[in-house]
Amino acid sequence: LGMIVAVAVLSSFIAPGYAQAPSEKVQKADIGFFEIDKDITLRRMVVRNTKPTGTALLLHGFPETLYAWKDIALSLAGDYEVHAFDWPGFGLSSRPTLDRFSYAPRDFARVLYDYIRKAGIDTSKLTIYATDIGALPALLLAQEKPGIATSIIVGDFAPGTRLGEERLAA
């Protein structure tokens, strides 16, 4: 049900009119690896568009991987460049030791920021959709860097003291 809601929300929020005029071009998901730093390499998926109207960055929850987004990414790619990645410790992304990475939401927020920056994503045209454990890092990053995206959509998420983080102000 969560994925059905995600498609409905993203389709109506990000791509109005997409259902009426889909792209003629067949889209392909490019899956590979992307280095964040010497300790973290992410497995990522990018579906490119030669003339995107914006970028959608899809952040998975627990216990998912970037494959949770593949069909949605291909649907959105008629109009948008779409990115998704496996968080550190998930899928085929690296699993740094605890002395190098604490796996706390603030560490994930740093990975998210570094990904956006190093991937060259234009934040003035970025929409982030995050579920479950992907939501808190996106919101924490937005608190630290208010212009990081034009919109952030979170789903299947319970804010508060998850993983030892402070409460987000309502």
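One point on numbering: in the numbering used here, the residue at position 106 of the sequence shown is 110, and numbering is uninterrupted. Think of the CB as a built atom: it goes at the ideal place given N, C-alpha and C, for glycine as much as any other residue.
Local conformation of residue 159 per DSSP, three classes: strand
Could you give the DSSP three-state label for residue 52: helix, strand or coil? coil
Where residue 133 sits in the DSSP three-state scheme: strand
Relative to the C-alpha of residue 108, which candidate in 156, 78, 142, 33 has its C-alpha closest? 142
Going by Cα to Cα distance, which pick from 104, 52, 110, 154 is closest to residue 140? 110
Cutoff 6 Å; reference residue 25; Cβ partners in own chain excluding five residues on either side: Low per-residue confidence applies at residue 25: pLDDT is 47, beneath 50, and the placement is therefore not dependable, though the value from the model is reported in the following sentence. Same-chain partners within the cutoff: there are none.
Residue 68, DSSP secondary structure in three states: coil
Pick from 89, 80, 145, 65: whose alpha carbon is nearest that of residue 38? 89
Please state the DSSP three-state secondary structure of residue 103. coil
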